[in-house]
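Residue numbers for the sequence shown follow UniProt numbering, so the first one is 1 and each next one is one higher.
These notes concern the structure reproduced below.
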Amino acid sequence: AQQGPPIVVRQQQERQGLSGGEVALAVGLGVGLAALGVGLAIAAADHNEDERRYQQEQRARERDQAWREREQMMRDREHAKELAWQEREARLERMEAEEDRERIRESMEREKEMLRLEMEKEAAYKDREAAMRERELEKEVALLEREKLLDTIEDMEREAEVEAIARDREAYIAELEAERAEMIAEMQADAEEREAQDQEIAVGAAGGR
């Protein structure tokens, strides 16, 4: 409670029968209590300030931690996107490489098939040519034999060794001449057929290329 200045208090205490030492003690005790109250108030205020600063620093640290975590999360997300993009690019490259290999394989298969067909055509052409040459040779041999027979008949006529052949000389010679003309015509036809086949093969080879 409000007691007034120390002198007034001392006078009041003296009127109440207190000695001077007791008054001084009371005054000192009051001053000490007042100083203690002030000190406690100051300490409480300092404590509150420290607590406030601590809370501010704690909130700042929490904000920094949250910001760093958010940045790390964003970096992780960007890294994941980059890895996914790289994987997609690698997959596309593998698919393109596989498509290139497939196109190369198909092209090689087509070339092999064309080569096989060309070789078959060439083999068939050689077989036909060999067969035609064999027929021509047979016809040439037969023609030579007939010509030799004609020469023999003519010799026999000149020598008068075979009267029957001499009598039928003209008819027989005419028959042999007709056969020779027929064989020559067949040989010419075979030659024309071979020339036509050569042209057909040449046109087919030019078209294949």
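We put the CB at the ideal spot given by N, CA and C, even for glycine.
Taking only beta-carbon atoms, is residue i less than 8 Å away from chain C?
i: M74; result: In the structure shown, chain C does not exist; there is a single protein chain.
Looking at residue j and residue i, is the spacing between their C-beta atoms short of 8 Å?
i: R180; j: R146; result: yes
i: D198; j: M132; result: no
i: M183; j: A142; result: yes
i: L150; j: L176; result: yes
i: E129; j: R194; result: yes
Can you give me the Cβ contacts of residue i inside the same chain, cut-off strictly under 8 Å, excluding the 5 residues immediately before and after it?
i: A1; result: Confidence is the limiting factor: at A1 the pLDDT is only 44, short of 50, which leaves the residue's position unreliable and the question unanswerable from this model.
i: G17; result: At G17 the pLDDT is 48, less than 50, meaning the model places this residue with poor confidence and gives no usable figure here.
i: E49; result: none
Within the same chain, show all residues whose beta-carbon is closer than 6 Å to that of residue i, passing over the 5 residues directly before and after it, in chain order.
i: Y125; result: I201
i: A196; result: none
i: G4; result: Only weak support is given to the placement of G4: the predicted model assigns it a pLDDT of 46, under 50, and the value that follows is read from those uncertain coordinates. No residues qualify anywhere along the chain.
Does the beta carbon of residue i fall short of 7 Å from some heavy atom of the ligand SAM?
i: E69; result: This structure lacks the ligand SAM; in fact it carries no ligand of any kind.
Please go through the same chain and pick out, in chain order, the residues whose beta-carbon is closer than 7 Å to the beta-carbon of residue i, but skip the five residues on each side of it.
i: D127; result: none
i: V203; result: none
Every unbroken alpha helix (DSSP H) within the UniProt region "Disordered" (46–67), with a cutoff of 4 residues, ordered by chain: none
Let me know the beta strand (DSSP E) ranges lying completely inside the segment 93–147, each 3 residues or longer, listed in chain order. none
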